[in-house]
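Visitor: In the UniProt record's numbering, the protein residues as written are 1 to 145. C-beta: ideal position from N, C-alpha, C; glycine also.
1) Using only the alpha-carbon positions, how far apart do residue 20 and residue 86 sit?
2) Ordered along the chain, which non-local residues of its own chain (more than five positions away) have a Cβ less than 6 Å from that of residue 1?
3) On the DSSP letters alone, give me the boundaries of the alpha helix (DSSP H) that residue 119 sits inside.
4) Going by Cα to Cα distance, which pick from 84, 37, 50 and 97 is closest to residue 65?
5) Is the Cβ-Cβ distance between residue 59 and residue 78 less than 8 Å?
6) If we count the other Cβ atoms within 10 Å of its Cβ and call it buried at 16 or more, is residue 70 buried or exposed?
7) Since residue 96 and residue 42 are thought to touch, with beta carbons under 8 Å apart, how far apart are those beta carbons, to the nearest angstrom?
8) What does a CB cutoff of less than 8 Å around residue 113 pick up in its chain, not counting 5 residues either side in sequence?
9) Quick check on residue 108: buried or exposed, where buried means 16 or more other Cβ atoms within 10 Å of its Cβ?
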């Protein structure tokens, strides 16, 4: 039986929570010249998880054209730099600049504050259960974290 009361439909609640979290995060990141698309890129570069546009797109599960646009904005804002790769003519190594690393360091506390606000009143156990349930939802949809 299809639930018609939106307040009880998990997919609608997940969408609503994601939208609210994104809105809050964008407001916190905007003064730093960052956005929700750029934050994972800078984080992946800082952590050494990816070094090329293709690796970043694959890791962050976005299309190549979207990644190219994100990298162009980050490069324009001097948050990353690209240099030729020794592996091939077309491949470029992407690196966070000192400014990019500084902005990321400033963004992390703002993002943590947003998560804390969203999870206010949750026990650590409830937070763990929520994370586990959301991971299962992602896995069920073929998008395991």
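Guide: Quick look at the numbers:
1) Counting from 1 along the chain shown, the entry for residue 20 is found at position 20. Counting from 1 along the chain shown, the entry for residue 86 is found at position 86. Counting only the Cα atoms, residue 86 lies some 43 Å from residue 20.
2) Against the chain shown, residue 1 aligns to sequence position 1. Unreliable placement is indicated for residue 1, whose pLDDT of 46 sits below 50; no coordinate value is reported for it.
3) In the chain shown, the residue the question calls residue 119 occupies position 119. Element bounds for residue 119: n/a, residue is neither H nor E.
4) For the purposes of this step, residue 65 is taken as the residue at position 65 of the chain shown. Comparing Cα positions, the closest option is 37.
5) Reading the chain shown from its first residue, position 59 is the one you call residue 59. Reading the chain shown from its first residue, position 78 is the one you call residue 78. No, the Cβ-Cβ distance between residue 59 and residue 78 is not below 8 Å.
6) Start at 1 with the first residue of the chain shown, and residue 70 comes out as number 70. Around the CB of residue 70, 16 or more other CB atoms lie within 10 Å, so the residue is classed as buried.
7) The residue labelled residue 96 in the question sits at position 96 within the chain shown. The residue labelled residue 42 in the question sits at position 42 within the chain shown. About 5 Å; that satisfies the 8 Å criterion.
8) For the purposes of this step, residue 113 is taken as residue 113 along the chain shown, with counting starting at 1. Hits under 8 Å: 28.
9) Position 108 of the chain shown, counted from the start, is the residue given in the question as residue 108. Here residue 108 is exposed: its Cβ has fewer than 16 other Cβ atoms, across all protein chains shown, within 10 Å.
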